[in-house]
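End of the sequence shown sits at 706 in this note's numbering; the numbers just go up one at a time, nothing left out.
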Amino acid sequence: MARVRSAATVDASALREHERAATLRDGLHLPATDWPTARMPPSSTSSPTPRSDDPDDIRATPRGRHRPTAAERGTDRRGRAVTAPATRSRSTDVAVLGIAGGLLTAFVIAALIVPVATDDGVTVAFDLAARWFGPLWQVLLFATFVVAVGLACSRYGAVRLGGRSEPEIARFKWIAMIMSTLLAGGGVFFAAGEPLQHFVSPSPYYDHVAPGSPDAVAPALAQSFTHWGFLAWAVLGSLGAIVMMRGAEKGLPLRPRTLLHPILGEKVRHSRLGTAVDIVTVLAVVAGTVGPIGFLGLQVSYGLSRLIGTPDTYPVQLAVILGLTAVAVVSVLTGIDRGIQLLSRINIWMALGVLAAFLVLGSAGFLIDAFLGGFGLYLRDFAPLALYRGDEAWLGSWTVFFFGWFLGYGPLMSIFVARISRGRRVRDLIVCTSIVPPVATAVWFTAFGGTSMFLEQNAPGALSGPLESTGMAAAVVSAAEQLPLGSLLGIVLLLLTCTFVATTTDSMSYAIAAASTTRGEPARGTRVFWGLLMGAAAAVLIVVGDGGITALQNVIVITAVPAGFLMLPLLWIAPRVVREMGVEQGVVPAEQPSSGPPSSEQPSSATRDAETEPSGQPT
């Protein structure tokens with residue numbers, strides 16, 4: 088009888104272990120082979136199945152010989168990752184899907200019917216958000232970077248994330264997806280225009296510099312690096328991703344509400360607050376993604392009219408948006424392991440080719456000097472530039488706008504970065520999201536912006552004129568036109584912008600679909616829905632001109648208000664969860680509770696005996 092009870096106890100314990108592993112696997116969207124399955128005890132009527140560490144080994148089973156499938160191994164014959172079918176049914180959160188989609192649709196309709204009133208309302212809300220919460224955002228982004236770097240430099244940097252012993256995705260593919268998604272079309276849209284704007288009209292922090300002079304080159308780049316540098320990348324891919332992966336290890340879904348779990352506990356799973364958090368963060372990312380899609384249509388249409396003489400009309404803009412949406416939908420349908428990863432690698436190789444072309448066809452010596460001077464000035468004035476509060480009106484159009492924009496992206500980007508970073512160490516994650524990409528972005532902005540400033544110095548008004556009359560979209564095309572093979576280079580630049588925005592659209596469609604899914608991988612239909620909805624919103628809004636797109640893009644700064652309060656606790660939650668994982672993995676020793684009253688100055692002999700192991704060494 089005792090033997091039967093013992094076997095039953097073992098069976099129940101193994102079953103609980105198996106169910107817990109399945110729950111953790113579903114929360115992090117892992118293939119079945121990513122979590123060890125509980126080993127059930129052999130029954131009295133069958134012998135144990137021989138086990139092998141070789142995944143390709145043909146194992147004997149009661150039904151014969153069995154070769155593991157690709158899904159069971161987790162890789163195909165070429166070593167590429169293969170995701171097993173979900174073991175549990177998906178469940179779409181209708182509230183998040185319906186309310187967020189409905190609010191976006193309502194905004195688009197309002198922009199069509201009453202465009203002036205809609206723009207005025209958004210402008211008032213934007214100004215209030217920038218004025219009252221701009222200082223908080225500046226401090227928050229600065230503190231996030233400091234905490235992230237502190238974790239990377241500490242002993243906790245060796246902690247592994249995501250419940251895997253090895254990274255799931257190769258390093259180049261991983262960094263390519265991160266950079267293509269986070270840099271997006273803004274890397275091309277602003278790279279030439281923003282440094283040129285700061286060159287001809289220096290920022291208030293560098294108002295002592297003569298506009299358009301050689302001395303204005305380094306300050307123009309330093310100001311641009313502030314907006315697109317370390318702080319922006321840190322808030323997008325460091326602390327939030329760490330907390331998100333920790334929650335997923337505990338069986339929580341990859342949703343924005345998971346960031347609140349360390350504070351609110353299990354009730355955040357089904358609470359109204361959690362639903363509200365998901366809706367607001369989804370709206371922020373939708374607004375921030377529709378904006379680049381719409382501006383892409385305007386930029387490509389303008390560029391084609393300048394380069395090959397096509398009409399700059401709505402049909403051309405619509406065709407560009409429809410083509411981009413189609414590419415993004417196909418990419419998100421094939422998933423992270425295929426479409427998104429492939430498109431990201433294409434982006435990086437194209438970007439490297441364009442970068443080399445600007446160095447060779449432009450002035451390499453001028454660009455090298457500009458980078459060294461601008462980046463050195465950026466490092467010297469790093470804190471003052473990030474925390475500058477001198478001119479609120481200028482800050483609302485530049486620093487606070489960009490910081491609010493990136494902050495609004497933060498929660499959803501944490502989902503995407505967490506999804507592709509399983510098995511990475513904390514140090515690896517922070518270096519490859521908060522250090523390497525900002526430096527690469529600085530090189531990118533120097534190539535485009537530096538070339539624009541070089542050409543403007545040689546021919547004043549050649550680029551600043553189109554910039555003032557047409558806007559940022561004109562800067563990169565005008566710069567390409569001034570170089571040898573300008574038409575070809577300009578077309579390649581427009582194509583690169585399209586692929587960058589397509590990568591952001593498909594990645595954000597996946598993240599938004601995950602935010603509206605309660606468990607398992609987001610359904611393909613949900614991913615396609617968000618991709619089509621964002622493309623349709625951009626196509627409709629450009630009917631009323633860039634004013635409708637700008638108004639929607641400003642919405643992300645408004646939604647950055649709640650997003651900021653969501654990201655603020657990560658400053659102390661992330662170090663705490665990293666500490667917990669470090670203890671579990673043996674990276675750091677666990678703290679031993681002290682014996683005896685806290686107020687006693689000298690421990691008693693009994694206390695000393697209790698704190699000493701039999702070997703005589705203190706615990």
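Think of the CB as a built atom: it goes at the ideal place given N, C-alpha and C, for glycine as much as any other residue.
Bridge-paired residues (DSSP) for residue i
| i | result |
| --- | --- |
| T604 | T179 |
| R247 | R512 |
Identity of the residue in the options nearest residue i by Cα
| i | options | result |
| --- | --- | --- |
| I395 | A197, I435 and G577 | G577 |
| V236 | S388, I423 and L516 | L516 |
| W617 | V518, T591 and G440 | T591 |
| G324 | A626, G495 and V287 | G495 |
| A363 | T400, S603 and G463 | S603 |
| S224 | V664, L429, F493 and P298 | The residue you asked about is not Ser; residue 224 is Trp in the sequence shown. Per the Cα distances, F493. |
| C240 | H348, E678 and V665 | V665 |
| V322 | P524, A187 and M559 | P524 |
| R393 | A566, V644 and L639 | A566 |
| V671 | G250, R218, G384 and G327 | Sequence inspection shows Glu at residue 671; the Val mentioned does not correspond to that position. Closest option to E671, Cα to Cα, is G250. |
| S479 | F213, R356 and I186 | It should be pointed out that residue 479 corresponds to Glu in this sequence rather than to Ser. Here the closest residue by C-alpha is F213. |
| F453 | K337, V518 and G536 | G536 |
| I262 | S556, A598 and A505 | A505 |
| L191 | M621, V275 and T345 | M621 |
| W315 | G381, A562, A473 and M559 | A473 |
| L499 | G548, W481, L582 and Y597 | Y597 |
| S74 | F277, L581 and I256 | No statement about residue 74 is possible, as the shown extent of the chain runs from 88 to 706 and does not include it. |
| A374 | T586, V195 and A561 | V195 |
| T613 | V416, D207, Q404 and A438 | V416 |
| V414 | Y401, P402 and S431 | S431 |
| V226 | T421, F469 and E281 | F469 |
| K260 | V642, I435, A443 and P379 | I435 |
| V201 | V631, L383 and A647 | V631 |
| L318 | G334, R218, A601 and L466 | L466 |
| G558 | G221, E255, F277 and R258 | F277 |
| T179 | G673, I629, M668 and A610 | A610 |
| I256 | P662, Y243, T584 and R512 | R512 |
| G221 | M668, L385 and S484 | S484 |
N- and C-terminal bounds of the alpha helix (DSSP H) containing residue i
| i | result |
| --- | --- |
| F616 | R611 to L628 |
| A217 | P202 to C240 |
| P525 | V523 to F532 |
| Q386 | R359 to L394 |
| L554 | S551 to T557 |
| T520 | Counting along the chain, T520 falls outside any alpha helix (DSSP H), and DSSP gives it neither H nor E. |
| R663 | L657 to Q672 |
| D456 | A451 to R467 |
| E479 | E479 to S484 |
| Y401 | Y401 to T421 |
| V287 | G280 to V287 |
| T538 | T538 to N545 |
| F427 | According to the sequence displayed, residue 427 carries Ile and not Phe. Segment: none, I427 is in no alpha helix (DSSP H) and carries neither H nor E. |
| Q310 | V304 to W315 |
| A335 | L326 to E336 |
| R258 | R258 to L270 |
| P349 | H348 to L351 |
Below-8 Å beta-carbon distance, residue i vs any chain D residue
| i | result |
| --- | --- |
| A415 | Going by chain labels, chain D is absent from the structure shown, which holds only one protein chain. |
At least three beta-carbon pairs within less than 8 Å, the segment 453-460 to the segment 527-537 = yes
Quick one: any contact between the segment 562-582 and the segment 446-455, if contact means 3 or more CB pairs under 8 Å?
-> yes
Are the segment 408-421 and the segment 650-670 in contact at 8 Å, needing three or more beta carbon pairs?
-> no
Three or more beta-carbon pairs under 8 Å between the segment 657-667 and the segment 219-237, yes or no?
-> yes
Stretch pair the segment 533-546 + the segment 367-376: three plus CB contacts closer than 8 Å | no
Segment contact flag, the segment 292-306 with the segment 637-647, C-beta cutoff 8 Å, min 3 pairs = no
Indicate whether the contact test is met: 3 or more Cβ pairs, each with one atom in the segment 471-487 and one in the segment 283-303, closer than 8 Å.
-> yes
Would you check if the segment 305-314 and the segment 202-221 touch, i.e. whether three or more CB-CB distances between them fall below 8 Å?
-> no
Counting Cβ pairs closer than 8 Å, one from the segment 623-631 and one from the segment 377-391, do we hit at least three?
-> yes
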